[in-house]
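Novice: Here the protein sequences come in this chain order: C and A.
The first sequence begins at 1 in my numbering and counts up by one.
The second sequence begins at 161 in my numbering and counts up by one.
All C-beta atoms, glycine included, are put in the ideal place defined by N, C-alpha and C.
All values reported here derive from a predicted model rather than from experimental measurement.
Below are the structure tokens for one structure; questions will follow.
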Amino acid sequence: MRFSEEFERRFAEMLGHYPTRRSVLVPMLLYAQDEIGSLTDEVITELAQRLELTDLEVRNVISYYSLLTTKPRGKYNVQVCTNIACMLVGGEELLEHCKKKLGVKNKGTTPDGMFTLEEVECIGACSWAPAIQVNYDFHENLTVDKMDQVLDQYSKKGTV
Amino acid sequence: MASLVSHPDEVRVVSKRFGKGATNIDRYLELDGYKAVQKSLGMQPDAIIAEVKNSGLRGRGGAGFSTGMKWSFVPKQSAQPKYVLCNGDESEPGTCKDRLIFEHDPHAVIEGVMIAAIAVGSHTGYIYIRGEYRYLSIIMQKAIKDAYAKGFLGKNIFGSGYDLDIYWHGGAGAYEVGEESALMESLEGKRGIPRIRPPFPAVVGLWGGPTVINNAETLAAVPPIMLGGAEWFAGLGTPKNGGTRLFCLAGNLNKPGVYELPMGYNLKKMIYDVGGGIPDGRELKAVVPGGSSTPVLTIDEIDVAMDFDSVAKTGSMLGSGGVVVLDDSNCIVKFALRTMKFYRHESCGWCIPCREGTDWLEKTLKRFHSGGGVMKDIDNIYYLSENMLGKTFCPLGDAAAMPTMAFVKKFRQEFEDHLEGKPCPFERTGKIEHLPVYA
Ligand SMILES: Cc1cc2nc3c(=O)[nH]c(=O)nc-3n(C[C@H](O)[C@H](O)[C@H](O)COP(=O)(O)O)c2cc1C
Ligand code: SF4
Ligand code: FES
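Given below as structure tokens:
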């Protein structure tokens, strides 16, 4: 199992920040997932060994956090907030629009592996609602038209 | 990057460096940065705590507990190391203010953590930022690195002989982890299951050591208090509610945005003046005053001073500063359902009243909104919520129950309008799946 140098540097550095090894687990799982695409059996075993945990203990943690996943997602994870502030100004309509446009259900991935669509809870963009995150990037004050533009941009970016 | 707004009634204390390039440490220094911590290093810890107490600063995370008082609970002598933990998990629906602080003024949070640490005799601080806020964790990591490079953090800070380390920590998606004891579990690399209290974190917290946990905005307010003085800060707000607060105006408003207003600012004015009123010629219907956990206010209840004590008198809470405004085109039953869907999703499942209660309530509300409700469901929704209240292991159960009870109590007619197979009177798309009525 090989991670990037950046990952290894961060891992070593973060271990020094806490009195216990397992404290690095949650942030490092997210960084590992960002590199590998999902938390595969291999990643889980590797991190468990490094942190002196069992695989099960690591899986237990993974299943708790909504960003962490053992299943691969598309290249771009389109996370549409439909929580209260977004719902009031069209968040649900955006989600429906994305479902149609991408031809997938909630948590579905397009056949080309480009997009995963996910309905999410509040992402901290309530005053700029309706809002989405594509991977970690925020897109705010959206309309259906702007949503189309955003998706098209990622489509282009993803095919080059 | 979230856009900034302004209004003449704003009093900029925590937001005074927003948009001024203060992520750069030299710029932060030009704008009074790291002066408050140097001043604090020359003070007795008790004097720092007294200053914060007298300022009337109360927790901006939601509960509104006196910050100085919280710090005073940390034992002076402790065999275990003491910690300061900044809560930047910001996930309460309606709330998007800590994000702006991290984006525009990360050093203010660092400086706040430093002062808290000096006040309670801690040498280690953590700044926990929710996983979705990746760009903010990058900003924060750089800010911390820059502070170390200048010698503001590490050994012998500012030549005072005091050692202080501050680290960044990241989450991975979980509202419940914002609850202080679950936050500590998460930082220790575990599932965010809350801890039993007492003992309170101030006595037994991270790795068993006394721990001060404060919201990011609370901590960012501390440096201005140390520089401007308790009296000045207290005078900005109302009695026992010192200072200003970042209000996140959201929902059906002409000018939504995050505005820093004095504590006690009138809610009606906040909606119609600061927020620019309701768009599209619609009328106001209801307001959620402090994030999704706080009971809804009707139009008859909005002439209220937005401070902890005044909002409490209405039976609601000032909460986390998320003001969500609903116009008259919205269905309260649907709003209640979406709120409950959130709590069901976020319930950690540890205790039965919350795990089963939120699930059952979501199902009942869903069926109800889809025309499958009967009269006794209305009382059942209320009764179920009432029976969660105060009976759950952590306050998430209350956070789900309180708003639900208010929706039923204050908008009962609207629930009745959905009864026995009637379509939702507010549905715009006509696309709700209709569920059968079970008697
Ligand atoms: C379910 C739940 C979620 C919470 N989420 C947050 C949060 O995201 N950020 C926060 O600062 N406080 C949150 N709190 C409040 C914290 O438990 C804690 O009271 C707060 O961080 C203390 O800081 P303060 O005194 O400065 O407000 C939450 C509480 C509960 C019950
Ligand atoms: S109230 Fe809910 S979130 Fe809190 S411990 Fe119980 S199940 Fe978990
Ligand atoms: S409710 Fe959608 S970002 Fe907060």
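Using 10 angstroms around the beta-carbon of E506(A), count the other beta-carbons present and answer buried if the total reaches 16, otherwise exposed.
Specialist: buried
Novice: What are the residues in the stretch 313–339 of chain A lying within 7 Å of chain C by C-beta distance?
Specialist: Y327, H329, G330, G331, A332, G333, A334 and Y335
Novice: Kindly indicate the opening and closing residues of the beta strand (DSSP E) around A342(A).
Specialist: Careful: A342(A) lies outside any beta strand (DSSP E), inside the alpha helix (DSSP H) at E340 to L347.
Novice: Helix, strand or coil, according to DSSP, for S489(A) in the structure here?
Specialist: coil
Novice: Quick one: what's V78(C) bridged to in DSSP?
Specialist: Looking at the DSSP output, V78(C) shares a beta bridge with L117(C) and V134(C).
Novice: Check whether the Cβ of M87(C) lies closer than 7 Å to any Cβ atom in chain A.
Specialist: yes
Novice: Restricting to runs no shorter than 3 residues, where is the beta strand (DSSP E) found entirely within the stretch 402–461 of chain A?
Specialist: 404–411, 417–422 and 444–448
Novice: My assumption, with CB atoms under 8 Å, is that R515(A) sits in contact with N375(A). Please give the rounded CB distance.
Specialist: Not quite, the Cβ-Cβ distance comes to about 26 Å (not below 8 Å), so this is no contact.
Novice: By the DSSP assignment, the alpha helix (DSSP H) with I287(A) in it spans what residues?
Specialist: If you look at I287(A), you'll find it isn't in any alpha helix (DSSP H); it sits in the beta strand (DSSP E) that goes T284 to I289.
Novice: Would you say G285(A) and V269(A) are within 7 Å of each other, going by their C-beta atoms?
Specialist: No, the Cβ-Cβ distance between G285(A) and V269(A) is not below 7 Å.
Novice: Which residues, in order along the stretch 103–122 of chain C, keep a beta-carbon less than 7 Å from a beta-carbon of chain A?
Specialist: E121 and C122
Novice: List, in order along the chain, the chain A residues whose C-beta lies closer than 8 Å to that of R22(C)?
Specialist: E348, G349 and K350
Novice: Below 7 Å on C-beta distance, what does T499(A) contact in chain C?
Specialist: By Cβ distance, chain C contributes I84.
Novice: Pull up the distance between the alpha-carbon of G532(A) and that of V58(C), whole angstroms please.
Specialist: 42 Å
Novice: Should P354(A) be listed as close to ligand 2, given that the test is whether its C-beta is under 6 Å from any heavy atom?
Specialist: yes
Novice: Y243(A) lies in the alpha helix (DSSP H); which residues open and close that run?
Specialist: It is not in any alpha helix (DSSP H) - Y243(A) instead sits in the beta strand (DSSP E) that spans Y243 to G248.
Novice: Flag this pair as yes or no: are the beta carbons of P361(A) and I373(A) separated by less than 7 Å?
Specialist: yes
Novice: Please determine if the stretch 233–240 of chain A and the stretch 332–351 of chain A are in contact, where contact requires at least 3 C-beta pairs separated by less than 8 Å.
Specialist: no
Novice: Quick check for students: name the residue ranges of the alpha helix (DSSP H) that lie wholly in the stretch 166–248 of chain A, counting only runs of 4 or more.
Specialist: 185–190, 195–201, 205–214 and 227–232
Novice: If you check the beta carbons only, do P370(A) and A279(A) fall under 7 Å apart?
Specialist: no
Novice: Which bits of chain C does N490(A) rub up against, with CB to CB less than 8 Å?
Specialist: L88
Novice: Is the stretch 399–416 of chain A touching the stretch 117–128 of chain C, taking contact as three or more C-beta pairs under 8 Å?
Specialist: yes
Novice: Is S66(C) close to ligand 2? I mean its beta-carbon at under 6 Å from any heavy atom of the ligand.
Specialist: no
Novice: So V24(C) and L15(C) are in contact, right, with Cβ under 8 Å, and what is the actual spacing, rounded?
Specialist: 6 Å
Novice: Expressed to the nearest angstrom, what Euclidean distance is found between the alpha-carbon atoms of K199(A) and I298(A)?
Specialist: C-alpha separation (whole angstroms): 29 Å.
Novice: Am I right that Y154(C) and Y76(C) are in contact with their C-beta atoms under 8 Å? What's the rounded C-beta distance?
Specialist: 5 Å
Novice: So, are the CB atoms of I541(A) and T518(A) less than 7 Å apart?
Specialist: no
Novice: Would you check if the stretch 184–197 of chain A and the stretch 396–405 of chain A touch, i.e. whether three or more CB-CB distances between them fall below 8 Å?
Specialist: no
Novice: Nearest by alpha-carbon distance to A671(A): which of K195(A), S232(A), V448(A) and A223(A) is it?
Specialist: No information on residue 671(A) is available, as it lies outside the stretch 161 to 599 that chain A covers here.
Novice: Is the CB-CB distance between K445(A) and L497(A) below 7 Å?
Specialist: no
Novice: According to DSSP, simplified to helix, strand and coil, what is A560(A)?
Specialist: helix
Novice: Does the stretch 417–426 of chain A come close enough to the stretch 168–186 of chain A that 3 or more CB-CB pairs lie under 8 Å?
Specialist: Contact between the stretch 168–186 of chain A and the stretch 417–426 of chain A is present, because at least three Cβ pairs lie under 8 Å.
Novice: Return the chain-ordered list of same chain residues with a C-beta closer than 6 Å to the C-beta of F407(A), the five sequence neighbours on each side being excluded.
Specialist: Y419, L421, G481 and V483
Novice: Using a C-beta cutoff of 7 Å, does V150(C) count as contacting chain A?
Specialist: no
Novice: I'd like to know whether the C-beta atoms of C511(A) and T552(A) end up nearer to each other than 7 Å.
Specialist: yes
Novice: Determine the direct distance from the alpha carbon of I261(A) to that of E170(A), and round the result to whole angstroms.
Specialist: In a straight line, the C-alpha of E170(A) is about 16 Å away from that of I261(A).
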